[in-house]
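Chemist:
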Amino acid sequence: MSDIQSMVDRFKIDALRGEFTDTVMMRDPDRLASLFTEDGVWRIPPVVEFVGREQIRAGSKRLQSQWDYFVQTTHPGTIQLQGDTAVGRAYISELARLREGRSGLNYAVYHDRYQRTEDGWKFSERVYEIRYLDTTPLPGAAQIDKELLKENMNME
Numbered sequence: 008m009s010d011i012q013s014m015v016d017r018f019k020i021d022a023l024r025g026e027f028t029d030t031v032m033m034r035d036p037d038r039l040a041s042l043f044t045e046d047g048v049w050r051i052p053p054v055v056e057f058v059g060r061e062q063i064r065a066g067s068k069r070l071q072s073q074w075d076y077f078v079q080t081t082h083p084g085t086i087q088l089q090g091d092t093a094v095g096r097a098y099i100s101e102l103a104r105l106r107e108g109r110s111g112l113n114y115a116v117y118h119d120r121y122q123r124t125e126d127g128w129k130f131s132e133r134v135y136e137i138r139y140l141d142t143t144p145l146p147g148a149a150q151i152d153k154e155l156l157k158e159n160m161n162m163e
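At position 39 of the sequence shown the residue is numbered 46 (my numbering), and the sequence of numbers has no breaks.
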């Protein structure tokens, strides 16, 4: 594999990870499912395991329906190319509050397997490992009053 092809592949895999974050932030389960191979697996042990695009789509809808708000950021991790497959990690921070009132802040690692397909790089497996979890109630709000925002940012 040429150095240029390796750089292109790494760029596309990193874009895939960013696309994943965008789909969950925008609550787009159809697009989320499309980021996986047909038989792809998304695991959040010990809570959920979704196998295949249909389960990923349905599971994402179910999870997202529980959120009052959800914010996820992805930080670049490793990518090890192996021809038409690759493995890697992405580092995640999340802030969420469920509609029933529970909330949390966590830091996690996604352990990923990627597959080159006719439609580009896809996740063949994504496994979530929480490294830190804080379930202290979050004092913030999902909908910010514009006047309150101005006041707290010392803006006129």
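Positions of the beta carbon are idealized from the N, C-alpha and C atoms, including for glycine.
Is L145 helix, strand or coil by DSSP?
Modeler: It is coil, neither helix nor strand.
Chemist: For Q31, does the count of other Cβ atoms within 10 angstroms reach 16, so buried, or fall short, so exposed?
Modeler: Contrary to the premise, residue 31 reads as Val rather than Gln in this sequence. Buried, by the Cβ-count rule.
Chemist: Measuring straight from C-alpha to C-alpha, what distance separates D29 and E107?
Modeler: Taking the straight line from one Cα to the other gives about 24 angstroms.
Chemist: Does any heavy atom of the ligand SAH sit closer than 7 angstroms to the C-beta of H82?
Modeler: Among the components of this structure there are no ligands whatsoever, and the ligand SAH is therefore not found.
Chemist: Would you say G59 and D46 are within 8 angstroms of each other, going by their C-beta atoms?
Modeler: The answer is yes: Cβ separation under 8 angstroms.
Chemist: Looking at the secondary structure, which residues open and close the alpha helix (DSSP H) in which G66 lies?
Modeler: Start and end: R60 to S72.
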